[in-house]
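The structure appears below as structure tokens.
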Amino acid sequence: MLPDLQALRFLDERPVKEQDHEAAIAWFRGGWEEEQKVVQAHREREQEILRGHVSTLRRLQEEHRQKVKLALDRIAKENAKREATGTFQNSSERELAAKTLCQKVTQAWLGGSGSVQACGTQEQKTDAAATKAHATSCHAETCEPYEAAFFRAKSTEPAAAEAGVSQPS
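To convert, take the position in the sequence shown, counting from 1, and add 710; that gives this note's numbering.
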């Protein structure tokens, strides 16, 4: 009777699982021993599927570890190469290098001018060539705004003096 019922269902209208249906057919053919063989075969198939999934997961994890290791090695090599050659990868590194250059130029200029700091009122001796060079090498995005404005004003002093325009101090 059970082998003939392909659409076998429980009393609450849930369909019977394929595994349970096959176990019922096995019981009909050979009794309890045959049913246990079918149930054991289903368990073994499910375990084999799970082992396959676990091995796939482990393989993917190992591949990911290798990719991360290669990426970290590549980044370390690029950083070492960048430090050796002085080239930079992203804009923040370029900004940092430009700001460092700006500070070096400022310090070199201050060493020749006798001033303690580049901005403020302590400027006593101005070297138009140095201020103009600094103003062209120092961009508003790399220096503080007041430094860039100060050096732009200093670079225009000689032209204003030649034109007879007084500069506010």
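A virtual CB, placed ideally from N, CA and C, is assigned to each residue, including glycine.
Given the structure is predicted, the values throughout are model-derived calculations rather than measurements.
Close-in-space but distant-in-sequence residues of the same chain around residue i (CB under 7 Å, 5 per side omitted)
i, result
"Leu806", "none"
"Ser802", "none"
Cβ neighbours of residue i in the same chain (closer than 6 Å, five flanking residues each side left out)
i, result
"Ala733", "Glu745, Val748 and Val749"
"Gln729", "His752"
Spatial neighbours of residue i in its chain, beta-carbon cut-off 8 Å, leaving aside the 5 residues before and after
i, result
"Glu773", "none"
What alpha helix (DSSP H) runs, 4 residues minimum, are completely inside the region 721-773? Within the region 721-773, the complete alpha helix (DSSP H) runs of at least 4 residues are 728-740.
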